[in-house]
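Participant: Its first residue numbered 814, the sequence shown is counted upward by one per residue in the working numbering.
I'd like to ask some things about the structure below.
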Amino acid sequence: MIKLESYLSGTWQTGQGDPQVLVDPATEMPLAECASDGIDRGAAVAYAREVGGPALRAMTFAERAAALKALSGAIHEHREALIELSIQNAGSTRGDAKFDLDGATGTLAAYASFGKRLGDRPFLTDGEGQQLGRTPRFWGEHVLVPRPGVAVHINAFNFPGWGMAEKMACSLLAGMPVIEKPGTPTALIAYRIAQIVVESGVLPEGAFQFLAGSAGDLLDHLGPMDVVAFTGGSKTAALIRGHENLVRHNVRVNIEADSLNSSVLGPDVDTDSELYGEFLANVMLDMTQKAGQKCTAVRRILVPKDMVESVVADLTADLERQKQGSPGDKDTRVGTLTSSGQLRDVRAGIESLAENGHVRCGGADSVGDAGYGIRPTLIEAIDADADTFHELEVFGPVASVLPYTGEASEAVRLVNRGGGGLVAAVYSDDADWTTEVTLGIAPWHGRVWIGSSRVKGQSTPPGLVLPQSVHGGPGRAGGGEELGALRGLSLYMQRTAVQGFQGLVQKRFGAPTADSED
Ligand code: NAP
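Structural data, given as structure tokens:
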């Protein structure tokens, strides 16, 4: 059996103690084991600060961007083998595996492209400079400088490739070394990617470290210049946010947590229209892709009362057509859940939702004799205001149809009952209705996706996180923000106001001009 190793302080090392066993979620057969007692996490933190950070910051933005491009290429070269591994270790279909892996290489490549235009200076200028005194002689600029610490990235199990790559891309381009800690159930995929990163020799020593297994005492070693970027459930997020050492040193923490994402069908959408077809296709994709284990997947589907019957009939027919079976088979459309714990939680979640609604397809029974498969499950709410629909994240192929009046104000009220989300999708060709809903839900969301017949066939689906747009959300979604092109670098940089003689401050720290170097 494969024993997962960590790459820390310049060497591959195996932990001691009782190992956690990683299984194939389609067969429950053991694949690998991971033990992490006895690993010196404090030494890894020091190594990043003392070895990786200085080497990374000695490179220009353009050189770091070139390294990201090379990493993207190195991982892509192993695409086929990584797809196979993802099918085995995550219960992913081929399509799901590509979604994660191409998302990883695509995000690294996107940041390579954002970074190559940033020039040779070791900092970035933020916005325009301003006169501060009676005359322009006393001048102010804002700069972003890399933090001389380590970025600890704690990732969820559901995106072992993309989750690690999107955090790495921003951090490394900003000039901060990383310690990557994947979610353990699917850590075999992240481990293989870590091996590729190390073998590629693209990054300076100490810029990339990898911790397989428990975070252990890692957070106890962090200080004021370090960053923690966490993705996972809200209970773990609360533990990290309240971690005594992180609080004491005001360690910068970014949280990406749960979200009860919604899709709102506008009352103007005709069930014969292409826009309605797109709404159905996107809801179905969200519910089935990665077996619904996607932080941006729709959980609440708001449908005008007079359209509920059609929507439920159409979605049920589509969902029941999706083939389930061995995730590696080319025609399998719905993979399995990733662990026995996930299966237990999803079943319990379906039962809770069903207390306030009718199960229109699927249900809490698992699929087959072995493995963690569950059928796509659609629930029609009896009362759209019942708390469960707005409070319980069922992290599987499960969503609920919530009937509403069709009024924009009612849509806003129900969507915002989710307490803060990553994304909400709105489908309508009525510009006034769409604007009212968008402005009403925007403060509660990191992203609002608007589907209309004007962008039909051109838009990416709402569940897809793009490097160009911010990802994160307020309230329940964690209050964090990642990506958003160069916005994603600011988590890893200190914004500092520089005030002084214009001749120095503007010239040395202001936005570069043709004569900046004179
Ligand atoms: P989780 O149980 O919260 O675990 C997330 C990560 O935290 C894992 O690496 C886990 O390690 C680690 N961890 C657990 N306890 C910890 C502690 N006390 N200190 C430090 N690290 C700790 O979440 P999950 O089950 O992996 O992921 C599912 C959840 O993630 C869902 O709720 C989903 O909505 C959310 N998610 C959110 C986003 C987003 O971008 N907002 C993206 C993906 C997933 P071990 O695996 O070793 O326990």
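Ideal Cβ positions, reconstructed from N, Cα and C, are used throughout, including at glycine.
Just so we're clear, the structure is a prediction, and the values are computed from it rather than from any experiment.
Excluding the five sequence neighbours on either side, which residues of its own chain have a C-beta within less than 7 Å of the C-beta of THR1190, listed in chain order?
Facilitator: The residue labelled residue 1190 in the question sits at position 377 within the sequence shown. The beta carbon of THR1190 lies closer than 7 Å to those of ILE1163, VAL1172, CYS1174, GLY1175, GLY1176, PRO1210 and VAL1211 in the same chain, with the five residues before and after it left out.
Participant: Could I get the ranges of all uninterrupted alpha helix (DSSP H) runs contained in the stretch 1083-1120, with 4 residues as the minimum, in chain order?
Facilitator: 1087-1101
Participant: Bridge partners for GLY1138 per DSSP, in chain order?
Facilitator: One-based indexing of the sequence shown puts residue 1138 at position 325. GLY1138 is not bridged to any residue.
Participant: Could I get the ranges of all uninterrupted alpha helix (DSSP H) runs contained in the stretch 1280-1304, with 4 residues as the minimum, in chain order?
Facilitator: none
Participant: Taking just the CA atoms, how far does GLY928 sit from ARG1134?
Facilitator: By 1-based counting over the sequence shown, the position of residue 1134 is 321. By 1-based counting over the sequence shown, the position of residue 928 is 115. Rounded to the nearest angstrom, the two C-alpha atoms are 44 Å apart.
Participant: Per DSSP, which one or two residues make a beta bridge with LEU1215?
Facilitator: Position 402 of the sequence shown, counting from 1, holds the residue named residue 1215. DSSP lists LEU1115 as partners of LEU1215.
Participant: My guess is that GLU979 and GLU1295 are in contact by the Cβ rule of under 8 Å, so how many angstroms apart are they, rounded?
Facilitator: One-based indexing of the sequence shown puts residue 979 at position 166. One-based indexing of the sequence shown puts residue 1295 at position 482. Beta-carbon to beta-carbon, GLU979 and GLU1295 are separated by about 7 Å, close enough to satisfy the 8 Å threshold.
Participant: Would you check if the distance between the CB atom of GLY866 and the CB atom of PRO961 is smaller than 8 Å?
Facilitator: As a first step, residue 866 is located in the sequence shown; it is residue number 53 there, counting from the start. As a first step, residue 961 is located in the sequence shown; it is residue number 148 there, counting from the start. Yes; because the gap between Cβ atoms is below 8 Å, this pair is in contact.
Participant: Ligand 1 and ALA1290: does any heavy atom of the ligand fall closer than 7 Å to the residue's C-beta?
Facilitator: Locating residue 1290 in the sequence shown gives position 477, counting from the first residue. ALA1290 has its Cβ nearer than 7 Å to a heavy atom of ligand 1.
Participant: Would you say GLY1045 touches ligand 1, meaning its beta carbon is less than 7 Å from a heavy atom?
Facilitator: Locating residue 1045 in the sequence shown gives position 232, where the first residue counts as 1. Under cutoff, so the answer is yes.
Participant: In terms of residue numbering, what span does the alpha helix (DSSP H) encompassing ALA978 cover?
Facilitator: The residue you call residue 978 lines up with position 165 of the sequence shown. 975-987 is the span of the alpha helix (DSSP H), which, as asked, contains ALA978.
Participant: For a quick check, are the C-beta atoms of GLY1291 and PRO1140 less than 8 Å apart?
Facilitator: Counted from its first residue, the sequence shown places residue 1291 at position 478. Counted from its first residue, the sequence shown places residue 1140 at position 327. Not in contact: GLY1291 and PRO1140 (Cβ atoms no closer than 8 Å).
Participant: Can you tell me where the alpha helix (DSSP H) with PHE1043 in it begins and where it stops?
Facilitator: For the purposes of this step, residue 1043 is taken as the residue at position 230 of the sequence shown. Unbroken run through PHE1043 is the beta strand (DSSP E), 1040-1044; no alpha helix (DSSP H).
Participant: On the three-state DSSP scale, how would you describe PRO867?
Facilitator: Within the sequence shown, the letter at position 54 stands for residue 867. Correct three-state label for PRO867: helix.
Participant: Restricting to Cα atoms, I'd like to know which of PRO843, ALA848, GLY823 and LEU844 is closest to GLY830.
Facilitator: Position 17 of the sequence shown, counted from the start, is the residue given in the question as residue 830. Selected option, being the one with the closest Cα: ALA848.
Participant: Apply the 10 Å Cβ neighbour rule to ARG947 and answer buried if 16 or more other Cβ atoms are within range, or exposed otherwise.
Facilitator: Along the sequence shown, one-based indexing puts residue 947 at 134. Counting Cβ neighbours within 10 Å, ARG947 comes out exposed, since fewer than 16 surround it.
Participant: Is it right to say LEU1252 is buried, meaning 16 or more other beta carbons lie within 10 angstroms of its own, or is it exposed?
Facilitator: Reading the sequence shown from its first residue, position 439 is the one you call residue 1252. When all chains shown are included, LEU1252 counts as exposed.
Participant: Runs of 3 residues minimum, wholly inside the stretch 1135-1179: which ones carry the beta strand (DSSP E) assignment?
Facilitator: 1170-1174
Participant: Pick out whichever of THR1049, ARG1061 and GLU1018 has its Cα sitting closest to the Cα of ASP1039.
Facilitator: Counting from one through the sequence shown, the residue named residue 1039 turns up at place 226. Taking only the C-alpha atoms, the option nearest ASP1039 is ARG1061.
Participant: For GLY916, which three-state DSSP category applies?
Facilitator: Locating residue 916 in the sequence shown gives position 103, counting from the first residue. If DSSP states are grouped into helix, strand and coil, GLY916 belongs with the helices.
Participant: Going by CA-CA distance only, name the one from ARG1005, VAL1278, ALA1161 and ALA859 that's closest to HIS1034.
Facilitator: As a first step, residue 1034 is located in the sequence shown; it is residue number 221 there, counting from the start. If we check each option's Cα against that of HIS1034, ALA859 comes out closest.
Participant: Could you check whether ALA982 and LEU945 sit closer than 8 Å to each other, using their CB atoms as the reference points?
Facilitator: Within the sequence shown, numbered from 1, the residue matching residue 945 stands at position 132. Within the sequence shown, numbered from 1, the residue matching residue 982 stands at position 169. Result no, Cβ atoms of LEU945 and ALA982 do not sit closer than 8 Å.
Participant: Is ASP913 near ligand 1, judged by its Cβ being under 7 Å from some heavy atom?
Facilitator: For the purposes of this step, residue 913 is taken as the residue at position 100 of the sequence shown. Outside the cutoff, so no.
Participant: Which of the three DSSP states is assigned to PRO1017 in this structure?
Facilitator: Numbered from 1 along the sequence shown, position 204 holds the residue referred to as residue 1017. DSSP places PRO1017 in coil when its eight states are reduced to three.
Participant: Drop a sphere of 10 angstroms on the beta-carbon of ALA964, count the other beta-carbons inside from all chains shown, and report buried for 16 or more, exposed for fewer.
Facilitator: Translated into the one-based positions of the sequence shown, residue 964 becomes position 151. So ALA964 counts as buried.
Participant: Less than 7 Å between C-beta atoms, sequence neighbours within five positions excluded: which residues of the same chain meet that for ASN1074?
Facilitator: Residue mapping note: residue 1074 aligns to position 261 of the sequence shown, counting from 1. Excluding sequence neighbours, ASN1074 sits near THR1109, ALA1110, VAL1111, ARG1112, GLY1234, LEU1235, VAL1236 and ALA1237.
Participant: Less than 6 Å between C-beta atoms, sequence neighbours within five positions excluded: which residues of the same chain meet that for ALA875?
Facilitator: One-based indexing of the sequence shown puts residue 875 at position 62. LYS929, listed in sequence order.
Participant: With a cut-off of 8 Å, do at least 3 Cβ pairs link the stretch 1074-1086 to the stretch 1222-1232?
Facilitator: Touching, yes, given that three or more Cβ pairs across the two stretches are closer than 8 Å.
Participant: From the DSSP secondary-structure annotation, give me the bridge partner or partners of HIS955.
Facilitator: By one-based count along the sequence shown, residue 955 stands at place 142. ALA1310, per the DSSP bridge assignment.
Participant: Taking 8 Å as the limit between beta carbons, can you name the residues of its chain near ARG1308, skipping five residues before and five after?
Facilitator: In the sequence shown, counting from the first residue as 1, residue 1308 sits at position 495. Cβ within range, chain order: ASP939, HIS955, VAL956 and LEU957.
Participant: How about MET1097 and ASP1142: do their beta carbons lie closer than 8 Å?
Facilitator: Along the sequence shown, read from residue 1 onward, the residue named residue 1097 stands at position 284. Along the sequence shown, read from residue 1 onward, the residue named residue 1142 stands at position 329. No, Cβ-Cβ distance for MET1097 and ASP1142 is not below 8 Å.
Participant: Work out the CA separation of ASP1083 and ALA1197 for me, nearest whole Å.
Facilitator: Within the sequence shown, residue 1197 is the residue found at index 384, counting from 1. Within the sequence shown, residue 1083 is the residue found at index 270, counting from 1. If I take the Cα positions, the gap works out to 22 Å.
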